[in-house]
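Colleague: Chains as they are written, first to last, in numbering that gives the first Met the number 0: chain A, 0 to 483; chain B, 0 to 483.
The structure is given below, and queries will be raised subsequently.
There are 2 protein chains.
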Amino acid sequence: MQKQKKSTKGLTIEKENFSEWYSQVIEKAEITDIRNNLKGFIVIRPWGAMILENMYALYEKEMKARGHKPSFFPTLIPEKNFKKEASHVEGFSPNVFWLEKVKGEDKLALRPTSETSMYEMYSIWIRSWRDLPLKMYQRANVFRLETKATRPLIRAREFMWIEGHDCFETEKQAHKQVQEDIKITEKVLHQQFCVPSLPFKRPNWDHFPGSVYSIGSDVMMPDGKLLQQPSTHFLGQNFSKSFNIKFKNKEGKEEYVWQTCYGPAPSRMLASVIALHGDDKGLVLPFSIAPVQIVIIPIYGKDDKNKMIKESTKIKDTLEAEGIGVEIDDREKRPGEKYYEWELKGVPFRLEVGEKELKAKKLTLFTRDTGTKEKIPLASLSKIKKLGETYDKRLLTKANNFIKGKIVNCTTKAEVSKTLKEGKIARVNFCSIEKEGTKCADIVEREMIAEVRGTLANKEEKPSGKCPFCKEKAKVIAYIGKSY
Amino acid sequence: MQKQKKSTKGLTIEKENFSEWYSQVIEKAEITDIRNNLKGFIVIRPWGAMILENMYALYEKEMKARGHKPSFFPTLIPEKNFKKEASHVEGFSPNVFWLEKVKGEDKLALRPTSETSMYEMYSIWIRSWRDLPLKMYQRANVFRLETKATRPLIRAREFMWIEGHDCFETEKQAHKQVQEDIKITEKVLHQQFCVPSLPFKRPNWDHFPGSVYSIGSDVMMPDGKLLQQPSTHFLGQNFSKSFNIKFKNKEGKEEYVWQTCYGPAPSRMLASVIALHGDDKGLVLPFSIAPVQIVIIPIYGKDDKNKMIKESTKIKDTLEAEGIGVEIDDREKRPGEKYYEWELKGVPFRLEVGEKELKAKKLTLFTRDTGTKEKIPLASLSKIKKLGETYDKRLLTKANNFIKGKIVNCTTKAEVSKTLKEGKIARVNFCSIEKEGTKCADIVEREMIAEVRGTLANKEEKPSGKCPFCKEKAKVIAYIGKSY
Chain A
0 MQKQKKSTKG LTIEKENFSE WYSQVIEKAE ITDIRNNLKG FIVIRPWGAM
50 ILENMYALYE KEMKARGHKP SFFPTLIPEK NFKKEASHVE GFSPNVFWLE
100 KVKGEDKLAL RPTSETSMYE MYSIWIRSWR DLPLKMYQRA NVFRLETKAT
150 RPLIRAREFM WIEGHDCFET EKQAHKQVQE DIKITEKVLH QQFCVPSLPF
200 KRPNWDHFPG SVYSIGSDVM MPDGKLLQQP STHFLGQNFS KSFNIKFKNK
250 EGKEEYVWQT CYGPAPSRML ASVIALHGDD KGLVLPFSIA PVQIVIIPIY
300 GKDDKNKMIK ESTKIKDTLE AEGIGVEIDD REKRPGEKYY EWELKGVPFR
350 LEVGEKELKA KKLTLFTRDT GTKEKIPLAS LSKIKKLGET YDKRLLTKAN
400 NFIKGKIVNC TTKAEVSKTL KEGKIARVNF CSIEKEGTKC ADIVEREMIA
450 EVRGTLANKE EKPSGKCPFC KEKAKVIAYI GKSY
Chain B
0 MQKQKKSTKG LTIEKENFSE WYSQVIEKAE ITDIRNNLKG FIVIRPWGAM
50 ILENMYALYE KEMKARGHKP SFFPTLIPEK NFKKEASHVE GFSPNVFWLE
100 KVKGEDKLAL RPTSETSMYE MYSIWIRSWR DLPLKMYQRA NVFRLETKAT
150 RPLIRAREFM WIEGHDCFET EKQAHKQVQE DIKITEKVLH QQFCVPSLPF
200 KRPNWDHFPG SVYSIGSDVM MPDGKLLQQP STHFLGQNFS KSFNIKFKNK
250 EGKEEYVWQT CYGPAPSRML ASVIALHGDD KGLVLPFSIA PVQIVIIPIY
300 GKDDKNKMIK ESTKIKDTLE AEGIGVEIDD REKRPGEKYY EWELKGVPFR
350 LEVGEKELKA KKLTLFTRDT GTKEKIPLAS LSKIKKLGET YDKRLLTKAN
400 NFIKGKIVNC TTKAEVSKTL KEGKIARVNF CSIEKEGTKC ADIVEREMIA
450 EVRGTLANKE EKPSGKCPFC KEKAKVIAYI GKSY
């Protein structure tokens with residue numbers, strides 16, 4: 000392979016040209032390197048890996064806090080398991096990577112998702128109401144033979160996942176879990192990754208294969224297209240009947256369990272973090288997941304290098320004692336060069352430590368998202384943590400405002416069309432999302448190259464008019480958008 | 000699948016019958032469940048998953064402390080990459096899982112190890128001596144089509160791995176890294192997981208495919224067989240030449256990098272932890288990796304249940320503030336039943352909290368490895384952390400004594416044979432491990448069903464006699480043992 004020369008300069012493309020900007024920023028900020036040339040599979044470089052580790056840690060913490068226990072299931076699934084739930088296998092089959100058969104053994108698939116692997120064991124483990132609820136998850140990479148164009152982190156053939164799989168005694172408990180899953184998304188994706196999403200109950204023609212209904216949380220990307228983030232599925236008793244997952248209830252009678260599953264993908268969530276917060280200078284990482292939360296740049300000449308590094312180390316120790324992630328950049332480069340590199344990588348704060356600053360006992364603090372500099376007294380460095388929280392709130396507010404400005408109430412087909420062309424979401428009175436497919440959905444898909452994404456799942460919204468497509472009385476308020 | 004009934008009682012097999020005991024303890028302590036019936040692939044249940052998470056965390060922390068940066072590479076490797084290093088592909092080919100070819104695309108393999116995936120990128124990233132050393136690792140599952148009998152955690156077709164891949168300017172630096180890898184093994188596997196191992200430089204006929212030499216760290220299992228744990232490989236310039244990983248040195252001249260790789264497998268290390276420390280009652284987990292380090296059992300009647308749970312919660316809070324992992328077991332079961340369950344699961348300490356104990360301000364503390372009970376004053380609960388450290392040291396000392404007692408100096412073939420039959424390791428003057436294979440090694444393999452494991456890699460040992468097999472002057476002191 001020929002060595003390609005990389006520019007050492009920062010971004011050359013503005014975020015306005017989102018698609019090109021995204022391709023450039025993930026490479027220049029060293030999240031990935033697409034030169035591995037394997038369709039749908041990417042290399043995650045250390046900076047990206049450290050961010051993803053932080054994302055996994057926060058997500059798994061919340062999964063555990065909500066009663067889920069970790070587990071690990073095989074990456075490979077025997078064909079006979081995979082085929083047990085009819086609509087599941089039908090939905091996933093076109094996108095399964097199969098292994099070459101080993102003589103005398105079952106044919107194996109690379110897991111596209113793990114229902115058919117986990118539920119086989121659930122049927123053994125669950126025997127009584129005392130075993131319920133059973134709430135488990137695994138951190139797992141999954142594989143889907145994506146035939147469409149792939150995009151790093153956004154649409155991939157292998158992605159980094161968490162999958163939660165829960166079983167309950169009653170239908171009601173399972174519906175409740177779906178709502179709790181939406182809350183987990185809000186707690187982590189919204190509050191900690193600063194990425195708001197809209198939880199849509201998907202139309203009946205677009206739910207997870209094998210589920211009764213699905214909630215997909217959509218994130219609006221800067222190009223006006225929606226990217227599905229964590230989705231949660233009410234499986235009813237579809238799988239428990241196929242996999243024979245029964246329990247004896249309190250009356251001693253056998254029943255099938257009620258199930259839900261939930262699938263946040265840290266690798267894809269990272270795409271939204273990058274897309275929503277980045278700017279013309281590079282990444283803007285939330286304080287909560289930045290591998291380096293504050294970088295210290297010692298400013299020195301030939302004579303005071305050691306002194307400045309020593310003073311910087313003291314400051315680092317103070318900050319680390321507060322649980323803050325710190326790095327001192329003492330490489331042989333000009334400060335200006337270091338500044339733009341760390342700005343490109345999205346580090347929230349930069350502290351400049353020079354002779355003058357130390358004398359005045361006030362350091363220069365640069366904040367990445369606002370691009371502002373201020374003086375911070377040496378004595379109040381512990382404020383950084385607080386400033387980090389404010390920083391994250393600011394990112395979330397900005398993202399919230401962005402998405403709010405993108406939702407447009409539409410009453411006519413022309414308005415919907417115009418809204419979509421502007422890269423926005425049309426909020427409409429809509430006939431129904433309960434059928435197996437509708438002419439109205441067809442119009443949206445074929446004429447507007449968009450989709451009925453569903454109805455809000457965490458809020459009841461009452462329709463009050465007619466469907467702009469079929470003119471029938473609307474049963475729901477639906478959201479229409481373009482998507483990845 | 001028929002539901003198999005599981006005994007709720009503890010172990011029924013003594014550790015003396017190691018093989019059966021191991022199979023029983025990993026099931027009953029809920030590390031795994033082999034009923035998934037997929038040769039070489041296992042399900043890790045929550046208790047096992049939480050232990051593995053702790054093992055990963057400690058190992059990755061040490062990898063980072065030694066300058067390695069995390070990364071993630073694709074699980075699949077194109078055939079053309081895989082075939083670049085001739086002896087590597089020859090060594091691994093029989094054990095590769097291949098995917099069914101997707102039309103128009105390269106044939107893909109499930110990674111058995113990631114040299115051929117990572118080094119392709121290294122050849123792009125490394126351009127100058129300034130880019131060196133490059134030290135990276137990934138947490139990754141790897142796959143080997145094992146045709147021999149598999150055993151849960153010990154010999155598997157999928158295992159949970161960490162792989163470190165380092166590049167250096169000079170040969171000397173790479174040799175030094177091999178020694179540092181041995182130190183990482185000592186720091187984590189020995190000191191933290193309480194599992195001592197012997198780092199053997201493998202004979203020339205038994206090194207990693209593609210390497211110049213390999214160090215395999217062997218752990219003596221209770222059945223007298225050695226289990227290879229982290230191995231570290233000096234790759235020389237074999238891969239850098241195949242993958243064209245060159246750098247410009249300080250004089251501006253192009254050179255190939257010198258490489259090493261290192262592969263600790265937490266899943267396999269867990270097997271050694273279980274095997275070395277467990278006893279007739281179940282697991283004995285090191286304090287450092289126990290998901291629950293101390294379990295509190297409130298002892299109550301009908302009247303004082305709430306009070307005892309409340310008091311237990313206070314104690315839990317105190318202990319958690321010290322960073323200790325605590326669980327209160329307030330299930331509706333008799334205390335005795337709870338005791339044996341937590342002993343089976345290997346929790347280091349148990350605290351019994353009852354009315355009498357609270358009045359006397361002294362609680363009963365049970366210690367898992369010694370099986371002793373003592374009174375601990377409420378006021379000195381913070382001592383637990385210290386006790387945990389002592390507990391781990393005790394486990395390590397015991398394991399060290401066990402392995403020491405297993406090494407026997409032998410001077411004749413008969414002595415070697417007898418030693419191996421007793422489940423011990425023969426330490427012998429040996430002709431040579433540098434050739435491509437020897438008659439002496441053949442004798443060991445064919446007649447004794449054992450292996451020359453190599454020479455100690457972290458200590459120079461001088462031979463002083465003749466090889467017991469060929470009677471030639473010995474060049475090394477070698478260790479011979481049976482192995483998994």
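All C-beta atoms in this analysis are idealised placements derived from N, C-alpha and C, irrespective of residue type, glycine included.
Whose C-alpha, out of B:Thr169, B:Pro132, B:Ala274, B:Tyr339, is nearest the C-alpha of B:Lys14?
Modeller: Considering only alpha carbons, the answer is B:Ala274.
Colleague: Around the Cβ of B:Arg445, are there at least 16 other Cβ atoms within 10 angstroms (buried) or fewer (exposed)?
Modeller: It is exposed - the Cβ of B:Arg445 has fewer than 16 other Cβ atoms within 10 Å.
Colleague: Cutting at 8 angstroms between CB atoms, please list the residues of its own chain near B:Ser416, excluding the five before and the five after it.
Modeller: Cβ within range, chain order: Glu446, Met447.
Colleague: Give the range of the beta strand (DSSP E) segment to which B:His232 is assigned.
Modeller: B:His232 -> beta strand (DSSP E) spans 224-235.
Colleague: I think A:His232 touches A:Ser216, with their Cβ atoms under 8 angstroms apart; what is that distance to the nearest whole Å?
Modeller: The pair is not a contact, with the Cβ atoms about 12 angstroms apart (cut-off 8 angstroms).
Colleague: Would you kindly work out how many angstroms separate the C-alpha atoms of A:Lys472 and A:Ile442, rounded to a whole number?
Modeller: Going from the Cα of A:Lys472 to the Cα of A:Ile442 covers about 17 angstroms.
Colleague: Helix, strand or coil, according to DSSP, for A:Cys439 in the structure here?
Modeller: The answer is helix: DSSP assigns A:Cys439 an H, G or I state.
Colleague: Where does A:Ser116 sit, in a helix, a strand or coil, going by DSSP?
Modeller: Note: A:Ser116 maps to helix in three-state DSSP.
Colleague: Kindly list, in the order they appear in chain A, the residues whose Cβ is closer than 7 angstroms to that of B:Ala48.
Modeller: Result: Pro69, Ser70, Phe71.
Colleague: In this structure, how does DSSP classify A:Gly480 when only helix, strand and coil are distinguished?
Modeller: A:Gly480 falls in the strand class under three-state DSSP.
Colleague: Please report the straight-line C-alpha distance between A:Ala155 and A:Phe40, rounded to a whole angstrom.
Modeller: Roughly 6 angstroms separates the two Cα atoms.
Colleague: I believe B:Ile125 touches B:Leu133 by the beta-carbon criterion, under 8 angstroms. Please report the beta-carbon distance rounded to the nearest angstrom.
Modeller: The Cβ separation is near 6 angstroms, so the contact holds.
Colleague: Would you mind telling me which residues of chain B sit closer than 7 angstroms to A:Pro263, beta carbon to beta carbon, in chain order?
Modeller: Ordered by position in chain B, no residue passes the 7 angstroms Cβ test against A:Pro263, which lies about 17 angstroms from the chain.
Colleague: Listed from N- to C-terminal order along the chain, which residues in the segment 339-370 of chain B have their beta-carbon within a distance smaller than 9 angstroms of any beta-carbon of chain A?
Modeller: Hits within the stretch: zero.
Colleague: Hey, is A:Pro285 close to the ligand NAP, as in C-beta under 7 angstroms from one of its heavy atoms?
Modeller: This structure lacks the ligand NAP; in fact it carries no ligand of any kind.
Colleague: Which residue comes first and which comes last in the beta strand (DSSP E) that contains A:Val141?
Modeller: Segment 133-142, the beta strand (DSSP E) holding A:Val141.
Colleague: Compare the beta carbon distance of B:Pro229 and B:Leu284 with 8 angstroms and say whether it is the shorter of the two.
Modeller: Cβ atoms of B:Pro229 and B:Leu284: not closer than 8 angstroms.
Colleague: Can you tell me whether B:Thr396 is helix, strand or coil according to DSSP?
Modeller: Looking at B:Thr396 - three-state DSSP - the assignment turns out to be helix.
Colleague: Taking its Cβ as the centre, do 16 or more other Cβ atoms sit within 10 Å of B:Gln137, making it buried, or is it exposed?
Modeller: Label assigned to B:Gln137: buried.
Colleague: Does the beta carbon of B:Asn140 come closer than 8 angstroms to any beta carbon on chain A?
Modeller: Cβ-Cβ to chain A under 8 angstroms: yes for B:Asn140.
Colleague: Any beta carbon of chain A sitting closer than 8 angstroms to that of B:Asp489?
Modeller: Given that chain B is displayed from residue 0 to residue 483, the structure contains no residue 489 of chain B and the question cannot be resolved.
Colleague: Indicate whether the contact test is met: 3 or more Cβ pairs, each with one atom in the segment 20-28 of chain A and one in the segment 101-113 of chain B, closer than 8 angstroms.
Modeller: Touching, no.
Colleague: For B:Lys247 and chain A, any beta-carbon pair shorter than 8 angstroms?
Modeller: False, the Cβ-Cβ gap to chain A never drops below 8 angstroms.
Colleague: Of all Cβ atoms in chain A, is any one closer than 8 angstroms to the Cβ of B:Val101?
Modeller: Closer than 8 angstroms to some Cβ of chain A, the Cβ of B:Val101 qualifies, so yes.
Colleague: What did DSSP end up calling B:Gln258 once you bin it into helix, strand or coil?
Modeller: Strand at B:Gln258.
Colleague: So, A:Gly404 versus A:Phe199, is the Cβ gap smaller than 8 angstroms?
Modeller: Contact flag unset, no.
Colleague: Quick one: list the residues of chain D neighbouring B:Phe40, beta-carbon separation under 7 angstroms, in chain order.
Modeller: Note that chain D does not occur in the displayed structure, where the protein chains are A and B.
Colleague: In the DSSP assignment, what are the bridge partners of B:Lys200?
Modeller: For B:Lys200, which the question treats as bridged, DSSP gives the partners B:Ile214, B:Thr454.
Colleague: Per DSSP, what kind of secondary structure is B:Leu380 in: helix, strand or coil?
Modeller: Looking at B:Leu380 - three-state DSSP - the assignment turns out to be coil, as it is neither helix nor strand.
Colleague: Residues in the same chain with beta-carbon distance under 8 angstroms from B:Leu51, minus the five sequence neighbours each way, listed in chain order, please.
Modeller: Excluding positions up to five away in sequence, the list reads Ile43, Met159, Pro265, Ser266, Leu269.
Colleague: Name the chain B residues whose beta carbon is nearer than 9 angstroms to that of A:Met120?
Modeller: Per Cβ cutoff of 9 angstroms: Asp32, Arg34, Asn35, Val42, Arg44.
Colleague: Can you list, in chain order, the residues of its chain whose CB lies under 8 angstroms from that of B:Ile476, leaving out five sequence neighbours each side?
Modeller: Result list for B:Ile476: Arg426, Val427, Asn428, Phe429, Thr454, Leu455, Glu460, Lys461, Pro462, in chain order.
Colleague: Is the CB-CB distance between B:Phe242 and B:Glu78 below 8 angstroms?
Modeller: Going by C-beta atoms, B:Phe242 is not nearer than 8 angstroms to B:Glu78.
Colleague: Measure from the C-beta of B:Glu433 to each C-beta in chain A and report whether the shortest distance is under 8 angstroms.
Modeller: No, B:Glu433 lies away from the interface with chain A (no Cβ there is under 8 angstroms from its Cβ).
Colleague: With a Cβ-Cβ cutoff of 8 angstroms, do B:Gln258 and B:Asp165 count as a contact?
Modeller: Their beta carbons are under 8 angstroms apart, which means B:Gln258 touches B:Asp165 by this criterion.
Colleague: Which same chain residues end up closer than 6 angstroms to B:Lys82 when comparing Cβ atoms and leaving out the 5 residues on each side of it in sequence?
Modeller: Within the same chain, B:Lys82 has close Cβ partners Val88.
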